[in-house]
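Please read the structure below before turning to the comments.
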Amino acid sequence: MLGGTPSYPKTEYWKEGSDCCSWDGVSCDLVTGHVIELDLSCNWLSGTIHSNSTLCRFPHLQRLNLAFNNFSLISPEISHLSNLVSLDLSRNWEAEFAPHGFDSLVQNLTKLQKLHLSEISNSLVFPISLLNRSSLISLDLSLCGLHGRFPDNDIHLSKLELLDLWGNSNLSGNFPRFSENNSLIDLYLPFTNFSGEVPASIGNLKSLQTLDLFDCQFLGSIPASLENLTQITYLSLDGQIPPSIGNRTNLYGLYFSHNQLEGAIPSPVNGFSSLSFVGLGYNLFNGTILKEKHTAEAWI
Numbered sequence: 005m006l007g008g009t010p011s012y013p014k015t016e017y018w019k020e021g022s023d024c025c026s027w028d029g030v031s032c033d034l035v036t037g038h039v040i041e042l043d044l045s046c047n048w049l050s051g052t053i054h055s056n057s058t059l060c061r062f063p064h065l066q067r068l069n070l071a072f073n074n075f076s077l078i079s080p081e082i083s084h085l086s087n088l089v090s091l092d093l094s095r096n097w098e099a100e101f102a103p104h105g106f107d108s109l110v111q112n113l114t115k116l117q118k119l120h121l122s123e124i125s126n127s128l129v130f131p132i133s134l135l136n137r138s139s140l141i142s143l144d145l146s147l148c149g150l151h152g153r154f155p156d157n158d159i160h161l162s163k164l165e166l167l168d169l170w171g172n173s174n175l176s177g178n179f180p181r182f183s184e185n186n187s188l189i190d191l192y193l194p195f196t197n198f199s200g201e202v203p204a205s206i207g208n209l210k211s212l213q214t215l216d217l218f219d220c221q222f223l224g225s226i227p228a229s230l231e232n233l234t235q236i237t238y239l240s241l242d243g244q245i246p247p248s249i250g251n252r253t254n255l256y257g258l259y260f261s262h263n264q265l266e267g268a269i270p271s272p273v274n275g276f277s278s279l280s281f282v283g284l285g286y287n288l289f290n291g292t293i294l295k296e297k298h299t300a301e302a303w304i
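Quick note on numbering: the sequence shown equals residues 5 to 304 in the working numbering.
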């Protein structure tokens, strides 16, 4: 099992001469019969995705999932699949884009709603043009070696639900500014070089359920507008635990470790009954955690 998905070579069970639409991992349009989806995740594939690849023979392909394989090189030709709305190349741990491959992908795949490239080595400046793709719903560029500065201008991606930049330690910028018309649910910025203050406009992210800012370089206090995040279920921050989250009864995860916080265990922590994970380690707290008030399975 990888990422919750069974790992086995689907393609070994494909039979030449049979209807490819019946093959495991293949989905076809019911009207035209065109192959529109290939899910070959966890398929033990390796080597290079090159111009002669069978993948490039599916011009009607809309969804391509090659996550959790062992590809080493991804050529620019994958960007010729111009009808893709979903592309997942995550967790091909040794993979990298061929020269101009990433740029071509960003430039040509204009219909993308989902782009997941976690752990694909890019070592490139963050592609600002991605933030002009109004169709984007899910963007995962975690651990990609991105560098440079994340743009300071407002993000007008009203459909975007996931933004994951985790682990790009050379990527800097201020806290992303989203317009009030947003649908963001999950925001991951840990182990990046984002800095400055967390703005009061964070309160505009009213659909937010996950906020992870651990080990960034943010300064100052957490704004009171955090109390507007009524849907939040997981919160990981540097700095003081804001009292305004004390009435968040739907929180299941709270992480404030490695903050050099001191004094008594903050009252908000002892006020939660829904927590299943609490991280307060590597601080200087004293006092008692009232565990009888919690269902937390892990205390760190």
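The beta-carbon is built from N, C-alpha and C at its ideal position, and this holds for glycine as well.
Given the structure is predicted, the values throughout are model-derived calculations rather than measurements.
query: Straight-line CA distance for Phe62 to Leu42?; result: 10 Å
query: Apply the 10 Å Cβ neighbour rule to Pro13 and answer buried if 16 or more other Cβ atoms are within range, or exposed otherwise.; result: exposed
query: CA-CA distance, Leu284 and Leu255?; result: 15 Å
query: Just list the residues that DSSP pairs His120 with in beta bridges.; result: Asp92, Asp144
query: Please classify Ile53 as buried or exposed, where buried requires at least 16 other C-beta atoms within 10 Å of its C-beta.; result: buried
query: Taking C-beta to C-beta, are Leu140 and Gln117 nearer than 8 Å?; result: yes
query: Tell me which residue opens and which closes the beta strand (DSSP E) that Asp168 is part of.; result: 166–168
query: Which partner residues does Thr52 have in the DSSP bridge list?; result: Leu77
query: Write down the C-beta distance between Ser4 and Leu164 rounded to the nearest angstrom, noting that I regard them as a contact closer than 8 Å.; result: Residue 4 is absent from the model: the chain starts at 5 and stops at 304.
query: In whole angstroms, what is the alpha-carbon distance linking Glu98 and Leu143?; result: 20 Å
query: Among residues of its own chain, excluding the 5 on either side of Ser86, which ones have a beta-carbon nearer than 7 Å to its beta-carbon?; result: Asn112, Leu113
query: Where are the beta strand (DSSP E) runs, 3 residues long or more, that stay fully inside the region 189–239, in chain order?; result: 190–192, 197–201, 214–216, 221–223
query: In or out: Thr253 buried (at least 16 other Cβ within 10 Å) or exposed?; result: exposed
query: Check each candidate in Leu175, Ser199, Tyr238, Thr196 and name the one with the smallest Cα separation from Leu215.; result: Tyr238
query: In the DSSP assignment, find the unbroken beta strand (DSSP E) run with Phe2 in it and report its ends.; result: What is shown of the chain runs 5 to 304, which leaves residue 2 out entirely.
query: Which class does Leu109 belong to by DSSP, given the choice of helix, strand or coil?; result: helix
query: Restricting to Cα atoms, I'd like to know which of Thr234, Ser240, Gly200, Ser205 is closest to Gly224.; result: Gly200
query: Report the option in Gly207, Leu145, Ala204, Asn232 whose CA atom is closest to the CA atom of Pro194.; result: Leu145
query: Hey, Ser76 and Gly51 are a contact pair by Cβ (cut 8 Å); roughly how many whole angstroms apart?; result: 7 Å
query: Measure the CB-CB distance between Ile189 and Ser211 and report whether it falls below 8 Å.; result: yes
query: How long is the line joining the alpha carbons of Leu119 and Leu59, rounded to whole angstroms?; result: 17 Å
query: Only counting the same chain, and skipping five residues up and downstream in sequence, which positions put a Cβ closer than 7 Å to that of Ser108?; result: Pro80, Ser83
query: Within the same chain, show all residues whose beta-carbon is closer than 7 Å to that of Asn197, passing over the 5 residues directly before and after it, in chain order.; result: Ser173, Asn174, Leu175, Ser176, Gln221
query: Express the C-alpha separation of Cys24 and Val202 in angstroms, rounding to a whole number.; result: 51 Å
query: Quick one, which of Ile132, Ala204, Asn96, Leu169 has its alpha-carbon nearest Asp219's?; result: Leu169
query: Who does Ser31 pair with in a DSSP beta bridge?; result: Glu41
query: Rounded to a whole number of angstroms, what is the C-alpha to C-alpha distance between Ile40 and Phe260?; result: 44 Å
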